[in-house]
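I have placed the structure first, in the form of structure tokens, so that the comments after it can refer back to it.
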Amino acid sequence: MKLITAIIKPFKLDDVKNALQAFGITGMTVSEASGFGRQRGHTEVYRGAEYTVDLVPKVRLEVLVDSAEAEKVIDVIVKAATTGSIGDGKVWSTPVDNVVRVRTGERGTDAI
Amino acid sequence: MGTRERRDRSDSYDRKLSGLFISALSESKISDKEIALAAVGGYGRGELSPGSDLDLLIVHDGSAREEQLSQFVNALLYPLWDSGIPVDHAVRTRAQTRETAADDIRVAMGILDIRTLEGNADLVSAVATDVIEDWRKNSKKNLTKLRESSLERVERSGELAFLLEPDLKEARGGLRDINALRAIAKCGEDVALDRLSSAEALLANVRDALHGVTGKGRDQLLLTEQDRVATEMNFLDADALMLEVARASRAVDYVMDLTWHRIDSKKATGLFRKSKSEVLGKGVIALNNEVTIESKPQLQNDSGLGLRSAAIAAQRGLPLSIEACLALAENFAPLPIPWPRSSREDLVTLIGAGSAMIRVFEALDQEGIIERWIPEWAHVRFLPQRNVLHRHTVDRHMLETAVRAAKLTRTVHRPDLLLVAALLHDIGKGFPDKDHSEYGEELIRPLALRMGFPESDADVLALLVKHHLLLSSVATRRDLDDPATIEYVTSLISEPQVLELLHALSIADGEATGKTAWSNWKAGLVADLVDRCIISLTGGTGIAPAEQLELTPQQLSRLDSKALTVTISARDDAYEIEILSPDQAGLLSAVAGTFSVSRLNVRSARTRTVGDAVAMNWIVTLDPNATLPSEEILTETLRKAIAGEIDLARKLEDRISNYRKAPGIPVPPPVVTATNDIATQATVLEIRMHDRPGVLFSVARAISRFGVDIRAAIVSTLGAEAFDTLYVTDFAGEALSEERAKLLANQVESYLLTQY
Chain A
390 MKLITAIIKP FKLDDVKNAL QAFGITGMTV SEASGFGRQR GHTEVYRGAE YTVDLVPKVR
450 LEVLVDSAEA EKVIDVIVKA ATTGSIGDGK VWSTPVDNVV RVRTGERGTD AI
Chain B
489 MGTRERRDRS DSYDRKLSGL FISALSESKI SDKEIALAAV GGYGRGELSP GSDLDLLIVH
549 DGSAREEQLS QFVNALLYPL WDSGIPVDHA VRTRAQTRET AADDIRVAMG ILDIRTLEGN
609 ADLVSAVATD VIEDWRKNSK KNLTKLRESS LERVERSGEL AFLLEPDLKE ARGGLRDINA
669 LRAIAKCGED VALDRLSSAE ALLANVRDAL HGVTGKGRDQ LLLTEQDRVA TEMNFLDADA
729 LMLEVARASR AVDYVMDLTW HRIDSKKATG LFRKSKSEVL GKGVIALNNE VTIESKPQLQ
789 NDSGLGLRSA AIAAQRGLPL SIEACLALAE NFAPLPIPWP RSSREDLVTL IGAGSAMIRV
849 FEALDQEGII ERWIPEWAHV RFLPQRNVLH RHTVDRHMLE TAVRAAKLTR TVHRPDLLLV
909 AALLHDIGKG FPDKDHSEYG EELIRPLALR MGFPESDADV LALLVKHHLL LSSVATRRDL
969 DDPATIEYVT SLISEPQVLE LLHALSIADG EATGKTAWSN WKAGLVADLV DRCIISLTGG
1029 TGIAPAEQLE LTPQQLSRLD SKALTVTISA RDDAYEIEIL SPDQAGLLSA VAGTFSVSRL
1089 NVRSARTRTV GDAVAMNWIV TLDPNATLPS EEILTETLRK AIAGEIDLAR KLEDRISNYR
1149 KAPGIPVPPP VVTATNDIAT QATVLEIRMH DRPGVLFSVA RAISRFGVDI RAAIVSTLGA
1209 EAFDTLYVTD FAGEALSEER AKLLANQVES YLLTQY
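These protein sequence lines are chains A and B, in that order.
According to the numbering used here, the first sequence is numbered sequentially starting from 390.
According to the numbering used here, the second sequence is numbered sequentially starting from 489.
So, in structure tokens, the structure goes:
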């Protein structure tokens, strides 16, 4: 099993969610995040004052999937989240030892 | 369920306990002279809800031995415990009870409702007498404790009327507050208990139904259980149920507020000092730390008195007296349509008072006065909303939004429109087949016109209400880097000033909704969107300042004569004063000061220097105790003031310092900005502040002393909110250097800060 984490632009959340649902993924965790990568924030000039937006608002999305599907799910996310401009985000996967569904106690891939 | 059932339940436990008492006596061999069984708390009042504990006090005279007593208690209580009845009991002598009650306010409050069930009634009445005597004697300490615990409960459980999932017992306005009020009454205080009986019955019934439905003793009415409780109590639906719950708890809340207020003002004035009244405005006085109406008959022919007294009360941070609210409801005189400017200003002043406004607004709403001014309000009053993001009912959410908007008034050019939009942004809610933003737009336009706003302002209000969710939804769902996103927003909101208003409204709305709806994350996205839109709309120069006065040909031709002329004409409930004068340093402060001395309150003004002459158009209102000066007298006073023959500063000192001493509410600090305007080659000073009498005089004087020339001024006051734009130049007629402009802004701002 893998945990797929994606950092994407906020406005792309709906697209990614829809694409994942169309792919058959039923559950995900979404949280508000902020940070920067190569983009390094940007400088704004507003009302004469210059200020630096060093942390860019992003959305963090997490999905648990069967290892066999991980690559395909990553593709789905990447495709849906792309705008082609800087700051589109990143997607990565991490191996997961075990998963338990709290309500039923099911374990492993059954719990996904 | 109902009061009847609670009494029956209490009676049946009485019978059960009486049987148990007799067998416990015989088992423990205690005589019924030595001991008594009493009910305390709710059970003491003879009312028992299905989930309530049986609160019992066993009083003994100390003659029985320890093991006899424990035998007695076991025999009495085991049968109850065995049948799963929750019991809360204490075994004490008279002295022990007195001691415990003195230490623990909850024990004392329970005993205030004590009732003998069985045994020696003299023991029980002795206990009751002790506790009541001590309670009265220590009423000051008890009241403090009661208030502390009540405040702590609001902190923890919030307010019943406005929460979507309230705790019927603990929340403000709930059952525990009713108990507290009863205890306060027993301290000998004046409590309007008669206003509480139906509220108490309803809240207790709902709690019983909740306990019945859940089978548990929990008092929080969750969304998931509201439907079943509503069915159980034969309400049409959960909304109808929650509406009644809100109504009941608001009544409790109101009595609570009133009671504390009366206690406080008694403390403040003392028993022997005669209370002094202070006139605060026409027909409005402060008495015993409350704002009230001077005489009832006045209400009949002064329709503006209600809003005026509300505005004054809120700005002073004082409550509006219950007598004033009752009198208003009884002798209600509708405002003329459209509302006169003064009433519109009073509304803005009321809303702009921040959290102090809520108490005044609630008092008026309790008596149904708000909906007589704003009929649309009736529909959202107590209206629950089934939405996971929201915490409050619709009406309270709008009040909370207005409170937050009041803190943002310095960020916009039209604080009045921000406040009115905040108060009414969800007015379209509660119509199932309609989108609330769109329907809100339909409702607000005629309402704004009725309030006397000009068409252009009504348009802005309609736009704000219609699009109050636009910025949040676009900022989180659309690509801010995409020019199409910015174009989309600016196509809907093409005025930078409206965008600025919409931004402030979004913040106020979001903050009032709750943390889940408005995080720093979201605030950042929205701010980014607004910045990009404003840059796109203004080309990066920022929002254009207010436009200068356009002179009429007549004015221009009269300017040539270089003589000081004053023309006064009546306009609605105000006066328009036109002044033409040769230009002179300090002219603006001299005119503003003269008006203040003549008790004319400046509502708005536009002035402009053309060549070496100045044209001024002022709109002023007359102080309630003043008479309008004639054109001749005003011209003469002005001439003297300009020539420096009158010491305006000294004349105004008293008036200004008197006003400053008045107890008030915290208001956002003044904000002064200076930017250089290319179009007019002047430095534009924008001053946003809370209005005070004489403040324009002092500001203008401070600016003149800085050694700059005021070429034009646009002054606008709506209610307590003032926004002044001054075009200043150096004596060569050029804009100031950037550093000097900044220094001027700082100086004016720090000067204004000393005034607060």
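Positions of the beta carbon are idealized from the N, C-alpha and C atoms, including for glycine.
The structure displayed is predicted, hence computed values, not measured ones.
Min CB distance residue i to chain A below 9 Å
i: B/Trp623; result: no
i: B/Gly1207; result: no
i: B/Leu838; result: no
i: B/Lys429; result: The requested residue 429 of chain B does not occur in the structure, where chain B is confined to residues 489 to 1244.
i: B/Trp1009; result: yes
i: B/Gly1221; result: no
i: B/Gly1012; result: yes
i: B/Asp496; result: no
i: B/Asp741; result: no
i: B/Asp1016; result: yes
i: B/Phe760; result: The pLDDT assigned to B/Phe760 is 49, lower than 50, so where the model puts this residue is not dependable; a value taken from the coordinates is nonetheless given after this. Chain A contact via Cβ: absent.
9 Å Cβ cutoff, residue i in contact with chain B
i: A/Phe388; result: Residue 388 of chain A falls outside the range modelled here, since chain A spans only 390 to 501, and no answer is possible.
i: A/Leu402; result: yes
i: A/Ala395; result: no
i: A/Ala422; result: yes
i: A/Lys382; result: Missing from the structure shown is residue 382 of chain A; chain A here goes from 390 to 501 and no further.
i: A/Lys398; result: yes
i: A/Tyr435; result: For A/Tyr435, the predicted model reports a pLDDT of 46, less than 50, meaning its position is unreliable; a value from the coordinates is still stated below. Chain B, which has a Cβ nearer than 9 Å to the Cβ of A/Tyr435, makes this yes.
i: A/Glu439; result: Here A/Glu439 scores only 48 on pLDDT, less than 50, and its place in the model should not be relied on; the value that follows carries that caveat. With 9 Å as the cut-off, A/Glu439 does not count as an interface residue toward chain B.
Expected contact under 8 Å - CB spacing of residue i and residue j to nearest Å
i: B/Val1175; j: B/Asp1218; result: For the record, residue 1175 of chain B in the displayed sequence is Ile; it is not Val. Between B/Asp1218 and B/Ile1175 the Cβ distance is about 19 Å, and since that is not below 8 Å, they are no contact.
i: B/Val717; j: B/Val701; result: 6 Å
i: B/Leu808; j: B/Ala851; result: 5 Å
i: B/Thr964; j: A/Pro484; result: 32 Å between Cβ atoms; not a contact.
i: B/Glu929; j: B/Ala950; result: 5 Å
i: A/Leu450; j: A/Val405; result: 7 Å
i: B/Leu711; j: B/Glu653; result: 6 Å
i: B/His699; j: B/Ser537; result: 6 Å
i: B/Asp610; j: B/Asp576; result: Not confirmed; about 24 Å, so no contact.
i: B/Ser960; j: B/Lys1010; result: 7 Å
i: B/Met845; j: B/Leu835; result: The pair is not a contact, with the Cβ atoms about 11 Å apart (cut-off 8 Å).
i: A/Asp477; j: A/Ala470; result: 6 Å
Assigned exposure category for residue i - 16 Cβ within 10 Å defines buried
i: A/Lys468; result: exposed
i: B/Asp496; result: exposed
i: B/Phe1099; result: Inspection of the sequence shows that residue 1099 of chain B is occupied by Gly rather than by Phe. Classification of B/Gly1099: exposed, given that the 10 Å Cβ count is below 16.
i: A/Ala438; result: With a pLDDT of 46 at A/Ala438, under the threshold of 50, the modelled position of this residue cannot be trusted; read the value that follows with caution. Exposed: under 16 other Cβ atoms inside 10 Å.
i: B/Ser506; result: exposed
i: B/Ile1121; result: exposed
i: B/Lys674; result: buried
i: A/Trp481; result: exposed
i: B/Tyr566; result: exposed
Any C-beta of chain C under 9 Å from that of residue i
i: A/Val465; result: Structure shown: chain C not included; protein chains present are A and B.
**Request:** Starting from the N-terminal side, write out each stretch of the alpha helix (DSSP H) that is 4 residues or longer and does not extend beyond the segment 435-487 of chain A.
**Result:** 456-470
**Sequence ranges, beta strand (DSSP E) only - wholly within the segment 1127-1200 of chain B, length at least 3** = 1159-1165 and 1170-1178
**Asked** Can you give, in chain order, each stretch of the beta strand (DSSP E) that sits fully within the segment 500-558 of chain B and has at least 3 residues?
**Response** 523-527 and 542-548
**Item:** Short-range partners of chain A found in the segment 964-988 of chain B, where Cβ spacing is below 9 Å
**Value:** Thr964, Arg965, Arg966, Asp967, Leu968, Asp969, Asp970 and Thr973
**Asked** At which residue ranges does the segment 685-735 of chain B contain complete alpha helix (DSSP H) runs of 4 or more residues, listed in the order of the chain?
**Response** 685-702 and 711-720
**Request:** Using a Cβ-Cβ cut-off of less than 7 Å, give me the residues of the segment 470-495 of chain A that come near chain B, in sequence order.
**Result:** Thr472 and Ser474
**Asked** What are the uninterrupted segments assigned as beta strand (DSSP E) that are 3 or more residues long and contained completely in the segment 1086-1120 of chain B, given in chain order?
**Response** 1088-1098 and 1101-1110
**Asked** Mind pulling the alpha helix (DSSP H) runs of 4 or more residues that sit fully within the segment 573-608 of chain B?
**Response** 582-591 and 593-599
**Item:** Contained alpha helix (DSSP H) runs [length at least 4] in the segment 1018-1047 of chain B, N- to C-terminal order
**Value:** 1041-1047
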